[in-house]
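The structure appears below as structure tokens.
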Amino acid sequence: MIDLTYQTGDSILHRMNPTHKFLGLLICTIIILVSKNLAGTIIAAVLITTLILLSKLPIKKVFAPLKSLFFFLIMIFLMNALFFNNGDCLYSYHSICISYKGIEQGYNIVLHTIAITILSSIFIRTTTSIEIMRGIENTLRPLRIFHIPTKDISLIMSIALQFIPVFFNDIDRIRKAQIARGANFNKGSIITRIQSIFPLVIPAFISAFRRADELSTAIEARGFQSDYESFK
Amino acid sequence: MQLEIKHATVRYSNSDKILDNIDLNITEGQFLGITGKAGCGKTTLLETIAGFHKPESGFVLLDGQNIYEKRFVSQSFRKRLQIVFQFPENQFFESDIWNEIGFGLKNISSSPEEKERKTIEAMLAVGLDINEMKNVSPFALSGGQKRRLALACAIVVSPEILLLDEPFSGLDGDGQNQIISILKDLHRNGTTILMVSHDPNVLSEVADKIVVLDAGKIQFNDIPSRVFADKYLCDKLGIGQPETKITADLIGLDLDEDLTYSNFIKKLEKKYLAAHD
Amino acid sequence: MINVSNISFTYNNNKKIIENISLSIEPGKVTAILGKNGSGKSTLVRLILALLPISDGKIYIDDIDINCKEGINQIRKQCGIVFQNPDNHFVSPIIEDDIKFGLTNHHVPETIQSDCVKSALDKVSLTGYEKRNVSTLSGGQKQKAAAAGILAVDNSIIFFDEATSMLDPNGRKELQLCIEDLRNQNKTIVIISQNIEDVLHADKILLISDHQIIKSGSARDILTDYETLKGAGIQIPFPVQVYHDLFQKGIKMKNCPLTSGELAEELCSLK
Numbered sequence: 081m082i083d084l085t086y087q088t089g090d091s092i093l094h095r096m097n098p099t100h101k102f103l104g105l106l107i108c109t110i111i112i113l114v115s116k117n118l119a120g121t122i123i124a125a126v127l128i129t130t131l132i133l134l135s136k137l138p139i140k141k142v143f144a145p146l147k148s149l150f151f152f153l154i155m156i157f158l159m160n161a162l163f164f165n166n167g168d169c170l171y172s173y174h175s176i177c178i179s180y181k182g183i184e185q186g187y188n189i190v191l192h193t194i195a196i197t198i199l200s201s202i203f204i205r206t207t208t209s210i211e212i213m214r215g216i217e218n219t220l221r222p223l224r225i226f227h228i229p230t231k232d233i234s235l236i237m238s239i240a241l242q243f244i245p246v247f248f249n250d251i252d253r254i255r256k257a258q259i260a261r262g263a264n265f266n267k268g269s270i271i272t273r274i275q276s277i278f279p280l281v282i283p284a285f286i287s288a289f290r291r292a293d294e295l296s297t298a299i300e301a302r303g304f305q306s307d308y309e310s311f312k
Numbered sequence: 034m035q036l037e038i039k040h041a042t043v044r045y046s047n048s049d050k051i052l053d054n055i056d057l058n059i060t061e062g063q064f065l066g067i068t069g070k071a072g073c074g075k076t077t078l079l080e081t082i083a084g085f086h087k088p089e090s091g092f093v094l095l096d097g098q099n100i101y102e103k104r105f106v107s108q109s110f111r112k113r114l115q116i117v118f119q120f121p122e123n124q125f126f127e128s129d130i131w132n133e134i135g136f137g138l139k140n141i142s143s144s145p146e147e148k149e150r151k152t153i154e155a156m157l158a159v160g161l162d163i164n165e166m167k168n169v170s171p172f173a174l175s176g177g178q179k180r181r182l183a184l185a186c187a188i189v190v191s192p193e194i195l196l197l198d199e200p201f202s203g204l205d206g207d208g209q210n211q212i213i214s215i216l217k218d219l220h221r222n223g224t225t226i227l228m229v230s231h232d233p234n235v236l237s238e239v240a241d242k243i244v245v246l247d248a249g250k251i252q253f254n255d256i257p258s259r260v261f262a263d264k265y266l267c268d269k270l271g272i273g274q275p276e277t278k279i280t281a282d283l284i285g286l287d288l289d290e291d292l293t294y295s296n297f298i299k300k301l302e303k304k305y306l307a308a309h310d
Numbered sequence: 109m110i111n112v113s114n115i116s117f118t119y120n121n122n123k124k125i126i127e128n129i130s131l132s133i134e135p136g137k138v139t140a141i142l143g144k145n146g147s148g149k150s151t152l153v154r155l156i157l158a159l160l161p162i163s164d165g166k167i168y169i170d171d172i173d174i175n176c177k178e179g180i181n182q183i184r185k186q187c188g189i190v191f192q193n194p195d196n197h198f199v200s201p202i203i204e205d206d207i208k209f210g211l212t213n214h215h216v217p218e219t220i221q222s223d224c225v226k227s228a229l230d231k232v233s234l235t236g237y238e239k240r241n242v243s244t245l246s247g248g249q250k251q252k253a254a255a256a257g258i259l260a261v262d263n264s265i266i267f268f269d270e271a272t273s274m275l276d277p278n279g280r281k282e283l284q285l286c287i288e289d290l291r292n293q294n295k296t297i298v299i300i301s302q303n304i305e306d307v308l309h310a311d312k313i314l315l316i317s318d319h320q321i322i323k324s325g326s327a328r329d330i331l332t333d334y335e336t337l338k339g340a341g342i343q344i345p346f347p348v349q350v351y352h353d354l355f356q357k358g359i360k361m362k363n364c365p366l367t368s369g370e371l372a373e374e375l376c377s378l379k
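Residue numbers (this note's numbering), protein chains in the order written: chain A, 81 to 312; chain B, 34 to 310; chain C, 109 to 379.
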């Protein structure tokens, strides 16, 4: 319930210090983003293959998020390949302009998206949510010099993690209560389905806001001094 | 109306059995209390009967028909059986009481006049003043009023069977008494009621029979006086005893199988006024 | 010691919540504030804890006006509160981290934080629960974990605001035992409730109704006063109801009982 994406294991990546892992993720992301075209493809492939081997994760799981991105990626590629216009069109028709530049750009965006998605997927599956939070917290800490409220940010992440099971429960109860009253979330046209979301979404939001209100009172009572206040 | 649970076993994914081979026959017009200590499966039992947990084995039958036969529990079933969850005020989403109650009528094919009549009836039944309250937002109500509104939302479709999960949670004395009186009225008018409660006092006041669950199994299915007869057993099952029974035992008073407060006072009257004569 | 002097509070829409309330919370004692839903008791507590702004009247902690920075500091230093909803207290999924949150706020050095956590959990009988995930706890355990957070920072005055109302009977018993333990550790306890079960063992009960404190006294004084309790919308304790109903029928018990044991004694001595 708490860790929907974590895949238990004991590979090197699983055991790695979360702060180092998060920094590593950031560094790999930057490397990918600055590499393009053929060189970029080779670098990405090497990085990803190495990490998959190190993580001992099943390949199917690692590539799973790409399934939902498939349509999006095709769209992005086509938008660039067909409409990128800086004068050098190989073939043009009205607003359509096919150019090397466009195809190259489309390819790189898709390459970067796929690579970063897979990197993140490996990261999330080898790191528990608590560890993720610590990793981000420790990485951001040096930024306090620039008066960035890292304490507040890490508190927000921690609270979010705490409330995930709570919200799941709330939504489940609300869903059951509305179904009992005759609500149907499965039938009907798009418009009907959108309308039928209200009895679910509105109470869920109200419950969330109420919880947030009570929690903020509790935090204040515990003497919390926000960064925002002290950095002002 | 025949409601039966036959050999039902319910398990959440990858966990222990929450309900273990439950057999239960609910007679029409009965007020059945369901109790047991925390985690015994009371809420799951109610939700299973209400169509939310298909048993891994066994059946829930309404008039001989398996309610889980098709993929989705039928709308006609939902018309006949309504469930009020714990803290039901969490389900409110409309901007006024009228529409909130009306939500339950959306799937009923009746005329607008019929729907209006039913809504007014529901508000009357729970003691919400129609003229004052029609356009009030559900969120502006007091705790007790909200609870009564949630009850109205369930009874507006005139269900034959009403399921309630801890309907008194968080209510003060007045609020609790109001709900009890509404339930007694419904019971008198023939509604079959299944109520989960951990309060032995309320249960012995209103229930015809009480089912006690322990680790997913039924330990008792009997009238209140027999369920609460043995203090040691009640402690073991984590269900407590009603005050009337505790006091009667302490003074050696026979309550004649009726643990209600009015009977308790009557018996005391008899004992002590007779003694004075 | 907390002194409340002529406090009134009205919401922006001119809805009066409390009017001219004065009370004092004595150290080392269990004070209960009893009142039905909407009587203003939760608002009163939030005012005392400087969680709501005071515009009318004064509140002092150890003679310091809480309507200033020094006063608020004292309140934060000395007072802790366990709220009604067990889920809405925690800032971290792991208990140890949540308690350390409070410790950090009170500037307790990191080196001794783990020890403070351990000792606080011991005090509420949750030994060994440091690394447990909050969502795996029962309602009663969550409330105790919240109390542990308060004990860890050495608050001496602990408020329980309807802390048992969302718990099942086991959870309520668990928390009530915990409160007894805290009382034995010389903490000052304030219980806010509409439930007479919660306030039976209080040293002093303040009964709130219609925005005011209508009566204050010992548990026995307040809980056997049938008429006043009824008027305040509080559920009458069973023995008191029996005493009253038998009285109406001409059967007079010597004293008004408060527990089943006392009721049985009184009934037996009637013969």
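Glycine included, each C-beta is placed from N, C-alpha and C at the ideal position. Bear in mind the structure is a predicted one, so any value in this text is a computation, not a measurement.
query                                                                                                                                    : result
Which of helix, strand or coil DSSP assigns to D329 (chain C)                                                                            : helix
Neighbour list for L159 (chain C) in chain A, Cβ cutoff strictly below 9 Å                                                               : T297, E300, A301
Exposed unless 16 or more other CB atoms sit within 10 angstroms - verdict on M81 (chain A)                                              : Note that M81 (chain A) has pLDDT 41, beneath the 50 cutoff, so the model's placement of it is unreliable and no number is given.
Pairwise C-alpha distance: I189 (chain C) and I115 (chain C)                                                                             : 20 Å
Cβ-based neighbour list, K78 (chain C), same chain, cut-off 6 Å, excluding 5 preceding and 5 following                                   : Outside the modelled stretch of chain C, which goes from 109 to 379, sits residue 78 (chain C), for which no answer is possible.
Backbone secondary structure at H40 (chain B) - three-state DSSP                                                                         : strand
Alpha carbon of M228 (chain B) to alpha carbon of D198 (chain B), nearest angstrom                                                       : 6 Å
Minimum Cβ-Cβ distance from R111 (chain B) to chain A less than 8 Å                                                                      : yes
Helix, strand or coil at M81 (chain A) according to DSSP, with G and I counted as helix                                                  : A caution first: M81 (chain A) carries a pLDDT of 41, below 50, which makes its placement in the model unreliable, though a value can still be read off. Residue state, collapsed to three classes: coil.
Where Y101 (chain B) falls, given that 16 or more other Cβ within 10 Å makes a residue buried                                            : buried
D291 (chain B) to I194 (chain B) span [Cα, whole Å]                                                                                      : 25 Å
Close-in-space but distant-in-sequence residues of the same chain around L371 (chain C) (CB under 7 Å, 5 per side omitted)               : P347, V350, P365
4 or more residues per run - each alpha helix (DSSP H) lying fully within the segment 165 to 227 of chain A                              : 180 to 206, 209 to 220
Residues of the segment 262 to 281 of chain C whose Cβ lies closer than 8 Å to any Cβ of chain B, in chain order                         : S273, M274, D276, P277, N278, G279
Rounded Cβ spacing between L204 (chain B) and R180 (chain B) (contact assumed at less than 8 Å)                                          : 6 Å
CB contact check: N222 (chain B) to chain A, cutoff 8 Å                                                                                  : no
C-beta neighbour in chain F for Q258 (chain A), strict 8 Å                                                                               : No chain F is part of this structure, whose protein chains are labelled A, B and C.
8 Å Cβ cutoff, S200 (chain A) in contact with chain B                                                                                    : no
Contact set between S145 (chain C) and chain B, taken where Cβ atoms lie within less than 9 Å                                            : Residue identity differs from the one stated: residue 145 (chain C) is Asn in this sequence, not Ser. What N145 (chain C) touches in chain B: S175, G176, G177, G203, L204, D205, D207, G208.
Rounded straight-line distance, which links the Cα of T272 (chain A) to that of L174 (chain B)                                           : 30 Å
Rounded distance between the beta-carbons of I304 (chain C) and P345 (chain C), thought under 8 Å                                        : 5 Å
Contacts around H94 (chain A), its chain only, beta-carbon distance under 6 Å, and the 5 residues preceding and following it disregarded : T206
According to DSSP, residues forming a beta bridge with I129 (chain C)                                                                    : C:I115
T296 (chain C) - partner residues in DSSP beta bridges                                                                                   : C:I265
CB contact check: N196 (chain C) to chain A, cutoff 8 Å                                                                                  : yes
Chain A contact residues for K139 (chain B), given Cβ-Cβ distances below 7 Å                                                             : G262
is_contact[V153 (chain C), chain A] using C-beta, thresh 8 Å                                                                             : no
Chain A contacts from the segment 67 to 84 of chain B (Cβ-Cβ distance under 9 Å)                                                         : E80, A83, G84
Beta-carbon proximity of C187 (chain C) to I129 (chain C), cut-off 8 Å                                                                   : no
Beta-carbon spacing of I51 (chain B), G74 (chain B) below 8 Å                                                                            : yes
7 Å Cβ cut-off: residues of chain C touching E276 (chain B)                                                                              : F346, S368
Contact set between R184 (chain C) and chain A, taken where Cβ atoms lie within less than 7 Å                                            : G303
DSSP three-state assignment for I316 (chain C), whether helix, strand or coil                                                            : strand
Beta-carbon contacts of K103 (chain C) that lie in its chain and below 7 Å, excluding the five residues immediately before and after     : The first residue shown for chain C is 109 and the last is 379, placing residue 103 (chain C) beyond what the model contains.
Through-space distance from G247 (chain C) to S200 (chain A), alpha-carbon basis                                                         : 36 Å
I251 (chain A) (DSSP reduced to helix, strand or coil)                                                                                   : helix
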